[in-house]
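Asker: Before we start, here is the structure in question, set down as structure tokens.
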Amino acid sequence: MSSLDTTLGHGAPAHAEDNYLTHSHGWKSWLLTLDHKRIGVMYLCSTIASLFLGGFFALALRTELLTPGPTIAMIDHDMYNRMFTLHGAIMVFLFIIPAIPAGLGNFFVPVMLGAKDVAFPKLNLASYHLWIFGAVFFVTAMVHGGIDTGWTFYTPYSVTTPANGVIWATMGVFILGFSSIFTGLNFIVTIHKLRPEGMTWFRMPLFLWALYSTSVIQVLATPVLAITVLLLTVERTLHVGIFDPALGGDPVLFQHFFWFYSHPAVYIMILPGFGIISEIVSVHSRKHIFGYRFIAFSSLAIALLGFLVWGHHLFTSGQSQLASVIFSAISFAIAIPSAIKVFNWLATMYKSSLQLTTPMWYAFGFIVLFLIGGLTGLFLAALAVDIHLHDTYFVVAHFHYVMVGGTLLALFGGLYHWWPKMFGRMYNEFWGKVGAVLVTLGFNVTFFPQFVMGTRGMPRRYYSYLPEFQPLHVASTIGAYLLGFGILLAFVNLGVALFRGRKAPTNPWGGATLEWQCASPPPHDNFSVTPVAHDPYDFAHLKYDEKIDGYTSRRS
Amino acid sequence: MNTLVGSMLSQLVIAGSEASYWFPPQASTTAAEVDWVYYFIYWISVFFTVMIVSAGLYFMWRFRSKKTAGAAAAAHNTALEVTWTVVPGILCACIFYFGLTGYMDTHTPPDDAYVVNVTGVKWAWSFTYPDGTVSDTLHVPVHRPVRLVMTSEDVIHSLFIPAFRTKQDVVPGRYTEEWFEATETGEFTIFCAEFCGTKHSEMLSKVVVHPEGDFTKWLSAAGNIHERMSPVEAGELLVKQRGCMQCHSTDGSPSTGPSWKGIWGRGEKLADGSSVTVDENYIRSSIFQPQAQIVAGYGPVMPTFQGKLKDRDITAIIEYFKTLK
């Protein structure tokens, strides 16, 4: 530890100039890098670009829905259908699924383990290249005939639609699936093999527990999606009857295959968010996380139970009533580990030394949105009620609360929490909080009216609608602009910090996980000597030092 | 179960034929039970939301500290953790049970239900009654269980009647069913709830609930159109009933299919480059073999009506077309 201690006590390491950003130069040093940190940064840039593309489609859709009939001359029925398909597909496959695991995860898994890199650095780079390749297929689908099936590709519609982009998009999904599998595989091996001295399974940061659970789902579920979209492509091109009843297939079989992946995928989207919130709540409350084992095991429980609930997407599909009853029961079971986490975060805040920082505001926004998203899931898991609510705006609101409320707010929380570490600059706290409030508020104004609309019977994926729903649609659209503005502001604030932010100390929040022992930004090799891990949520040894506006450890 | 729920209902929930803030009117026997389960979950959700959000806000205000403050002491309480595992577990089990019983009630049609066959096709519904009468809106008697036996001719649709709180996917290549017993007379909207392409959002129809006695009158009137009406009137009724107007206009505006305005005797350029004059045989073959001679600029999307329209119907439609100048 002695060599490390010289860097611990003072904000800047001995060779401040040499970090992973300045270690080598030129575009090749980025695109062909094996450094997990650079790959993580590239993933973040790419997925955030996808967020803006998907967000552009969202705003176009919401604008079109301002009036019951056609609103924007350019957007007709087919254009609307293509836009909501692209909005969903881009947001799910190019943004939500990769953003936290492949972006923040790639950057922080090895650093939190005190390791120099992931277990398979070349596989890691291959995963990013596959992501780019898959994204190219999506763009091709957009310009080559479009795609109007919804992100769910339900058969036989997707087999028979004249829109020619379907094959390109499904091949894009196939390739992106492998990108996701490679990342998951890498994290599983990394977490198993590269933990440092002192880091037992139950001394692992909860972000790593969350990513470990996520990776298990990615490795086990994604192949099913790959096979499903491959079968769809075979049916569409070679007319082999699999899903299309006109060819002797079974259209509901597709829904079973699709949701066998896509329901666990919901937890690929939300589990990493849980991990980030556990880190933020504990570090910014300066108090040991409450119920560490309950949170860790609830991540695993969600990952495993997540495989057994896909049938709740098929309550109205005509699947057997017995199957619906069983899937309903298991869906309620999965609500409990989610509830445990919320209660544990609250208990962590109780009697804490709470810091009202931007990440803390995002964590609270996350808890509110995830709470509403989770509770409205109870309505949809209850069989009698779901029959009425299925395929209405209630469902749209519910999954946006979970997936956007969950992933987007956790991503922002994580970016603000780790931005000083990643780029060595502090952001503006005031504008950070304004952004957090705008995002949370805008989100609620957008999606809460959709619960009312859905309960009143407004079906989803409607280009035109009955005039009685207009006031709620207008409210939702206003909220969408507010949300869009909040997101923009949050990113601008982070961007400005890169150029005008004050230099960040090694440990600005007093975090006890290993990344806070590494310089800000980390050097190319992360650690010159592998550090020894202690309890990741024991903050007693960290004291605030006004001179560096950061925390230093008294442990030696 | 029904009596228990019923007695609780009258006290807890504003039930009735008027739309409430959250719900459309309750117009079927099962609507009240669905709404009861909804409100049960709703109040649990309101309780937990208020509790957790206010606790979170209070903690953020009460325990806010300066950076110089030392780290707070760790805490753990196994009894508390077990409590907030077990209590949500019990609540979830209750919700599951109420959802299950409500589901079984709404999915077990009585044996004496009146059967209507339903066909979904892009982008129209068609309802066939036991005597062979076909209509594009669903007509049912009040206070009588009705069972819909449904299939689709192309892609998956879903028949959704919000006022009855019932919904069921309509799947090609198999039959699915849903049932209800209307308790209110009047008209209620039918939506297609499963995305089915271009005009998914216009695949709307309505269910007309007739007072007792009126339904049989409607049915016998609807069944004998050729006796009751002139061929032109019958033709006009047929194209409306069979959903033709979803894709064909009579005012000259092009839609998914060509407009019928001035169709009679018109020269049409076909997709294969040849041309044809619209006469009796072209109309007949376009209805029975719609993909054979497609007008240039339109897609091969029309379903066949072979076996669904009789020769007499075609004659009436031809007579109607002649009037569209």
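The listed protein sequences correspond, in order, to chains V and B.
Residue 236 in the working numbering sits at position 236 of the first sequence, and the numbers go up by one each step.
Going from the second sequence to the working numbering is simple: count from 1 and add 1000.
Where a beta carbon is used, it is the ideal one built from N, C-alpha and C, also for glycine.
Since we're looking at a predicted model, the values are computed, not measured.
Have a look at G165(V), V118(V), A126(V) and flag the residue whose alpha-carbon is nearest the alpha-carbon of T140(V).
Answerer: Here residue 140(V) corresponds to residue number 140 of the first sequence, with the count starting at 1. Among G165(V), V118(V), A126(V), the Cα nearest to that of T140(V) is on G165(V).
Asker: Looking at the unbroken alpha helix (DSSP H) that takes in T569(V), where does it start and where does it end?
Answerer: The requested residue 569(V) does not occur in the structure, where chain V is confined to residues 1 to 556.
Asker: Within its chain, find whatever has a CB closer than 6 Å to the CB of G248(V); leave out the 5 residues flanking it on each side and keep chain order.
Answerer: Along the first sequence, read from residue 1 onward, the residue named residue 248(V) stands at position 248. Hits under 6 Å: G241.
Asker: Candidates A381(V), N186(V), V368(V): which alpha carbon is nearest C1094(B)'s?
Answerer: Along the second sequence, read from residue 1 onward, the residue named residue 1094(B) stands at position 94. For C1094(B), the nearest C-alpha among the options comes from A381(V).
Asker: Leaving out the 5 sequence neighbours to the left and right, which residues in its chain are closer than 7 Å to A480(V) when beta-carbon positions are compared?
Answerer: Locating residue 480(V) in the first sequence gives position 480, counting from the first residue. Correct list, in chain order: A58, L59, R62, T446.
Asker: Could you give the DSSP three-state label for Y544(V): helix, strand or coil?
Answerer: Your numbering for residue 544(V) matches position 544 in the first sequence. Y544(V) falls in the strand class under three-state DSSP.
Asker: Distance check for H390(V) and K1325(B), CA to CA, integer angstroms please.
Answerer: As a working note, residue 1325(B) is residue 325 in the second sequence. As a working note, residue 390(V) is residue 390 in the first sequence. So the alpha carbons of these two residues sit roughly 45 Å apart.
Asker: Distance, Cα to Cα, S195(V) vs V118(V)?
Answerer: As a position in the first sequence, residue 195(V) is number 195, starting the count at 1. As a position in the first sequence, residue 118(V) is number 118, starting the count at 1. Here residue 195(V) is Arg; the residue named in the question, Ser, does not match the sequence. Approximately 11 Å between the Cα atoms of the pair.
Asker: Could you give the distance in angstroms between the alpha-carbon of T1030(B) and the alpha-carbon of T1176(B)?
Answerer: Here residue 1030(B) refers to the residue found at position 30 when the second sequence is read from its first residue. Here residue 1176(B) refers to the residue found at position 176 when the second sequence is read from its first residue. If you take the alpha carbons of T1030(B) and T1176(B), they lie about 19 Å apart.
Asker: Please confirm whether D545(V) has its beta-carbon closer than 7 Å to some beta-carbon of chain B.
Answerer: In the first sequence, the residue the question calls residue 545(V) occupies position 545. Chain B, which has no Cβ nearer than 7 Å to the Cβ of D545(V), makes this no.
Asker: Apart from the five residues on each side of it in sequence, which residues of its chain come closer than 7 Å, Cβ to Cβ, to F1288(B)?
Answerer: The residue labelled residue 1288(B) in the question sits at position 288 within the second sequence. The answer, listed in chain order, is T1304, F1305, Q1306.
Asker: Compile a chain-ordered list of the residues in the region 1086-1101 of chain B whose CB is closer than 8 Å to at least one CB of chain V.
Answerer: Answer set for the region 1086-1101 of chain B: P1088, G1089, C1092, A1093, I1095, F1096, F1098, G1099, L1100, T1101.
Asker: On the premise that Y154(V) lies in contact with M42(V), defined as a C-beta separation below 8 Å, what is that separation, rounded to the nearest angstrom?
Answerer: Mapped onto the first sequence, residue 42(V) falls at position 42. Mapped onto the first sequence, residue 154(V) falls at position 154. Actually they are not in contact, since the Cβ atoms of M42(V) and Y154(V) sit about 34 Å apart, beyond 8 Å.
Asker: Does the distance from the C-beta atom of V396(V) to that of R460(V) stay below 7 Å?
Answerer: Walking along the first sequence from the start, residue 396(V) turns up at place 396. Walking along the first sequence from the start, residue 460(V) turns up at place 460. In this structure, V396(V) lies near R460(V), with their beta-carbon atoms less than 7 Å apart.
Asker: Indicate whether the contact test is met: 3 or more Cβ pairs, each with one atom in the region 1189-1206 of chain B and one in the region 1038-1055 of chain B, closer than 8 Å.
Answerer: no
Asker: Suppose the cutoff is 6 Å on Cβ atoms and the five residues either side in sequence are ignored; what does the same chain contact list for T67(V) look like?
Answerer: Position 67 of the first sequence holds residue 67(V). Result list for T67(V): empty, nothing under 6 Å.
Asker: Give the secondary structure of R500(V) by DSSP, where H, G and I count as helix, E and B as strand, and everything else as coil.
Answerer: As a first step, residue 500(V) must be located in the first sequence, where it is residue number 500. Three-state DSSP puts R500(V) in a helix.
Asker: State the beta-bridge partners of M1150(B) as determined by DSSP.
Answerer: Within the second sequence, residue 1150(B) is the residue found at index 150, counting from 1. M1150(B) pairs with V1118(B), T1176(B).
Asker: Between I75(V) and chain B, is the shortest Cβ-Cβ distance under 7 Å, so that the two count as touching?
Answerer: Within the first sequence, residue 75(V) is the residue found at index 75, counting from 1. No - not a single Cβ of chain B is within 7 Å of the one on I75(V).
Asker: Does the separation of the CB atoms of D78(V) and T1198(B) fall below 7 Å?
Answerer: Reading the first sequence from its first residue, position 78 is the one you call residue 78(V). Reading the second sequence from its first residue, position 198 is the one you call residue 1198(B). In this structure, T1198(B) lies closer than 7 Å to D78(V) by Cβ.
Asker: Under the rule that 16 or more other beta-carbon atoms within 10 Å means buried, what is F315(V), buried or exposed?
Answerer: For the purposes of this step, residue 315(V) is identified with residue 315 of the first sequence, where counting begins at 1. Per the 10 Å Cβ criterion, buried.
Asker: Counting only beta-carbon atoms, is R461(V) nearer than 7 Å to chain B?
Answerer: Working through the first sequence from its first residue, we reach residue 461(V) at position 461. Yes, R461(V) counts as interfacial toward chain B.
Asker: What residue from K37(V), F95(V), D76(V) has the CA that sits closest to L53(V)'s CA?
Answerer: Within the first sequence, numbered from 1, the residue matching residue 53(V) stands at position 53. Comparing Cα-Cα distances from L53(V) to each of K37(V), F95(V), D76(V), the minimum goes to F95(V).
Asker: In whole angstroms, give me the CA-to-CA distance for M199(V) and H192(V).
Answerer: As a first step, residue 199(V) is located in the first sequence; it is residue number 199 there, counting from the start. As a first step, residue 192(V) is located in the first sequence; it is residue number 192 there, counting from the start. So the two alpha carbons sit approximately 11 Å from each other.
Asker: Of all the options V111(V), K351(V), L494(V), A102(V), which has the alpha carbon lying nearest to the alpha carbon of S570(V)?
Answerer: Because chain V here runs from 1 to 556, residue 570(V) falls outside it and cannot be looked at.
Asker: In terms of residue numbering, what span does the alpha helix (DSSP H) encompassing N1313(B) cover?
Answerer: Taking the first residue of the second sequence as position 1, residue 1313(B) is located at position 313. The amino acid at residue 1313(B) is misidentified as Asn; the sequence shows Asp. Run containing D1313(B): 1311-1322, per the alpha helix (DSSP H) assignment.
Asker: Are the C-beta of V1155(B) and some C-beta of chain V separated by less than 7 Å?
Answerer: In the second sequence, counting from the first residue as 1, residue 1155(B) sits at position 155. Taking Cβ atoms only, chain V reaches closer than 7 Å to V1155(B), which makes this a yes.
Asker: Tell me which same chain residues have a C-beta within less than 6 Å of the C-beta of G150(V), skipping the five on either side of it?
Answerer: Residue 150(V) sits at position 150 when you count from the first residue of the first sequence. Closer than 6 Å at the Cβ level, and outside the excluded window around G150(V), lie T85.
Asker: List the endpoints of the continuous alpha helix (DSSP H) containing S1126(B).
Answerer: Taking the second sequence and counting its residues from 1, the one referred to as residue 1126(B) is at position 126. First-last for S1126(B): 1124-1128, but that is the beta strand (DSSP E), not the alpha helix (DSSP H).
Asker: In chain order, what residues of the same chain have a beta carbon less than 6 Å from the beta carbon of M453(V), not counting five sequence neighbours either side?
Answerer: For the purposes of this step, residue 453(V) is taken as residue 453 along the first sequence, with counting starting at 1. Around M453(V): Y393, F469, L472.
Asker: With a floor of 4 residues, list each alpha helix (DSSP H) that falls wholly inside the region 125-166 of chain V, ordered by position along the chain.
Answerer: 157-160
Asker: Taking C-beta pairs closer than 9 Å, name the residues in chain B that T552(V) reaches, listed in chain order.
Answerer: Stepping through the first sequence from its first residue, residue 552(V) is reached at position 552. Ordered by position in chain B, no residue passes the 9 Å Cβ test against T552(V), which lies about 12 Å from the chain.
Asker: Once you ignore the five residues that flank P420(V) on each side, which residues in its own chain have a CB closer than 6 Å to its CB?
Answerer: In the first sequence, counting from the first residue as 1, residue 420(V) sits at position 420. Excluding sequence positions up to five before and after P420(V), its CB lies within less than 6 Å of the CB of M426, A504, P508, S520, all in the same chain and listed in chain order.
Asker: Examine chain V for any beta-carbon lying closer than 7 Å to the beta-carbon of D1272(B), and answer yes or no.
Answerer: Taking the first residue of the second sequence as position 1, residue 1272(B) is located at position 272. No, D1272(B) lies away from the interface with chain V (no Cβ there is under 7 Å from its Cβ).
Asker: Among the residues of its own chain, which have a CB less than 6 Å from the CB of R82(V), if the five just before and after it don't count?
Answerer: Here residue 82(V) is taken as the residue at index 82 of the first sequence, counted from 1. Cβ neighbours of R82(V) beyond the five flanking positions: G146, D148.
Asker: With a 10 Å radius around its C-beta and 16 neighbouring C-beta atoms as the bar for buried, classify A1073(B) as buried or exposed.
Answerer: In the second sequence, counting from the first residue as 1, residue 1073(B) sits at position 73. So A1073(B) ends up on the exposed side.
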